[in-house]
Every structure is written in structure tokens, then in C-alpha cells.
DNA sequence: CCGATGACTTGAA
DNA sequence: CTTCAAGCCATCG
């Protein structure tokens, strides 16, 4: 990885279990950047270049909106990928986000 | 160092 | 509902 920051972010994202999602803000705080949600998103955009499979489709913004959908519009949309995991989405937004949200401290 | 950029966030109009 | 503004921070030229 280009930096420990990235590896930290990727490690966390890779730990997101199936049928679960996480927000940029949570990840940002976990890696130490209190308000660096943008940096997380920026790192995610790079994740596609890495060999490691990063389930970036499980990372959404604080409202559960698929702000990254425009990066997955190549064939499978982000919504389709999430629905494959049983997550219901409507108008580009995850329904019952509270039920799907996940973070390392709240182990299932 | 500076300015621009971005898969963010919050709040206000 | 939409749009804008300010704040936030790593990266790039």
C-alpha cells in the first residue's frame, strides 16, 4: 500500500461482513482522521486499482445513500451488488440503514 | 507553500 | 425536493 492510512482503511472495509454496510465517517474516525470522510472516499476510488478485493460497494455516506454508484455503473450498479446481499434499496438509498450499518465495535 | 479536486457532512435557504 | 456554503483532510501539479 502507498501508506499505512490506506492499509488501515482497506483492512476495515474488507472486514465488513456480507449484508452489512459502513459509512465513510465511521471508517475515517477508525483510521484516525476525525473528519476525513472525503479521504476515505478518495482512498476507495483508488481501491479499484489494487489487487485486493475491496467491497467498496458496502461503503456509503451517513444517510445510506449510494453516493458512489456512479463509480460502479460499469455493468453492475452498486445497488445491484448490495441487493445481491439482501439489502433493500430505493431511489439510490438503503432502506433501514440502521439495521445494516456495521462497525468493528458493534460486532453483529 | 498554494490551489484544485474528491465515492463526505452538516446545516441553512 | 434542490442548491449552496463552509468545514474537513490526503493527494497531486
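Residue numbers (the numbering used here): 132 to 239.
Just so you know, even glycine gets a beta-carbon here, dropped at the ideal spot from N, CA and C.
Since the model is a prediction, treat every value here as computed from it, not as a measurement.
Bounding residues of the alpha helix (DSSP H) (the contiguous stretch that carries residue i)
i: residue 176; result: 168-178
i: residue 158; result: 155-161
For residue i: DSSP bridge partner residues
i: residue 234; result: 237
i: residue 228; result: Paired residue(s): none; residue 228 is not in a bridge.
i: residue 164; result: The partner list for residue 164 (beta bridge, DSSP) is empty, contrary to what the question assumes.
i: residue 221; result: 224
As assigned by DSSP and simplified to three states, the class of residue i
i: residue 147; result: coil
i: residue 216; result: coil
i: residue 185; result: coil
i: residue 140; result: helix
Environment of residue i [buried if 16+ CB atoms lie within 10 Å]
i: residue 186; result: buried
i: residue 169; result: exposed
i: residue 188; result: buried
i: residue 210; result: buried
i: residue 163; result: exposed
Original post:
Taking one C-beta from the region 132-147 and one from the region 170-181 each time, how about it: are there three or more such pairs within less than 8 Å?
Top reply: yes
**OP:** Could you tell me whether the region 223-231 touches the region 158-172, where touching means 3 or more Cβ pairs closer than 8 Å?
**Re:** no
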